[in-house]
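Trainee: 139 is the number that the numbering used here gives to position 148 of the sequence shown; each next residue is one higher, with no gaps.
For every residue, glycine included, the Cβ atom is placed at its ideal position computed from N, Cα and C.
Quick caveat: nothing in here was measured; it's all calculated off a predicted structure.
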Amino acid sequence: MAIRKIVIHPAEILEKACKAVVSFDKKLARILDDMYDTMIEFDGVGLAAPQIGLDARIAIVDIEDEHGTIEMINPRVIETSGEQTDPEGCLSFPGLYGEVTRPNYVKIRAFDRKGREYTFEAEGFLARAVQHEIDHLDGILFTTKVSRYLEDEELKGVESE
Ligand SMILES: [Zn+2]
-8 MAIRKIVIHP
2 AEILEKACKA
12 VVSFDKKLAR
22 ILDDMYDTMI
32 EFDGVGLAAP
42 QIGLDARIAI
52 VDIEDEHGTI
62 EMINPRVIET
72 SGEQTDPEGC
82 LSFPGLYGEV
92 TRPNYVKIRA
102 FDRKGREYTF
112 EAEGFLARAV
122 QHEIDHLDGI
132 LFTTKVSRYL
142 EDEELKGVES
152 E
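1. Of the choices Glu79, Ile64 and Thr60, whose alpha-carbon is the least far from that of Ser138?
2. Let me have the residue list for ligand 1: C-beta closer than 5 Å to any non-hydrogen atom, ordered along the chain.
3. The alpha helix (DSSP H) that contains Val115, what's its start and end?
4. Whose C-beta lies closer than 6 Å to the C-beta of Leu23 among residues of the same chain, with five residues either side of it excluded?
5. For a test of the three-state rule: what should DSSP assign to Met30, helix, strand or coil?
6. By a C-beta neighbour count over all protein chains shown, 10 Å radius and 16 as the cutoff for buried, is Leu146 buried or exposed?
7. Please tell me whether Ile26 and Ile43 are closer than 8 Å, where the distance is taken between their beta carbons.
8. Given this structure, state the Cα-to-Cα distance separating Arg21 from Glu70, to the nearest angstrom.
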């Protein structure tokens, strides 16, 4: 396992739709393990493959709750509902935080590292993190959804994804 370098905006890889994963092999497992180490090292709650320079539909989320680390390969959103507005940050935009409105509930389908398809539902902050990471795989950055940027004194406890 290894800590990878985070791609900081602006970078072409951050603004393009990533390619689907076709091989659920050791290389994929290594990428996921490295993404986990990198997310922890940089104190994030999620990380998408383009953020470490990889053109692949792979993302992880871990908000340190009972769900543990959610590994999403080729994820797709199949249902959303409700609305939430809260501060959001991104490891590819160090020090930048803004309020983003997203659905409060999300249901996704994705594959795990062994290629098994699963369905996952999330609400609140976890739903926010899941949607932030899936957006990355389509080249959509949170800055395109920010309604208001936050000042330093408003930033207590905001985590990056
Ligand atoms: Zn991000």
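Mentor: Reading off the structure:
1. Glu79
2. Cys81 and Glu152
3. According to the sequence displayed, residue 115 carries Gly and not Val. Residues Gly115 to Leu128.
4. Glu62 and Arg104
5. helix
6. exposed
7. The sequence shown places Met at residue 26, not Ile. Cβ atoms of Met26 and Ile43: closer than 8 Å.
8. 30 Å
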